[in-house]
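**Q**
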Amino acid sequence: MIVKKSLPDDMQKIWKQLSESRRETLLQFAQFLLTQEAEDRRLAPAPTQPLGIPAPSGESVVQALKRLKKNYPMIETDIPLLDAASQLVMQKVLGASDEVLIEKMEALFLSNYQRWRERTSE
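Numbering of the sequence shown is given in this note's numbering, commencing with residue 176 and proceeding in unit increments.
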């Protein structure tokens, strides 16, 4: 097994001192921890408020879509939402301005968030 140069020096030093079987055990343990980490993230409650990620200057429609998906992690990006967002992206291809489309996309995500809040508060 080759030690990557990107590992911190202390980790490389430890790795080099281990036998091949101990390295395998260490890798198995690291994979176990990674699985547990993924499970912890899956079980962690989703935020109930938008994260407030600001739009960077010069943001494109595609970048806005990615930002809004991150900004509203509580909203499932279901087929109707993705379809509506895709239609906005297609309008960009047809010549619409980013600013106008991003405003529409933000309104789309906000309205989906408000519907989500209504459903979850019942």
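Where a beta carbon is used, it is the ideal one built from N, C-alpha and C, also for glycine.
Here the structure is a predicted model, which is why all the values come from computation and not from measurement.
#1: Does at least one heavy atom of the ligand PLP sit under 6 angstroms from the Cβ of Lys-244?
#2: On the DSSP letters alone, give me the boundaries of the alpha helix (DSSP H) that Ile-189 sits inside.
#3: Just mark Leu-202 as buried or exposed, buried being the case when its beta carbon has 16 or more other beta carbons within 10 Å.
#4: State the start and end residues of the unbroken alpha helix (DSSP H) segment that holds Ala-259.
#5: Cβ of Met-249 within 7 angstroms of Cβ of Ala-221?
#6: Going by the CB atoms, is the gap between Val-236 and Val-268 shorter than 7 angstroms?
#7: Exposed or buried, Ala-260, counting other C-beta atoms within 10 Å across all chains shown (16 or more means buried)?
#8: How long is the line joining the alpha carbons of Glu-274 and Lys-241, rounded to whole angstroms?
#9: DSSP three-state label for Met-280, please.
#10: Just list the alpha helix (DSSP H) runs in the segment 190-244, keeping only unbroken ones of 4 residues or longer that don't cross its boundaries, in chain order.
#11: Quick check: what's the CA-CA separation for Leu-209 versus Asp-215?
**A** Checking against the coordinates, here is how it stands:
#1: Judged by which ligands are present, the structure shown has none, so any question about the ligand PLP falls away.
#2: 184-192
#3: That one is exposed.
#4: 254-268 is the span of the alpha helix (DSSP H), which, as asked, contains Ala-259.
#5: yes
#6: In this structure, Val-268 lies away from Val-236, with their beta-carbon atoms at least 7 angstroms apart.
#7: buried
#8: Using only the alpha carbons, I get a separation of about 15 angstroms.
#9: helix
#10: 195-218
#11: 10 angstroms
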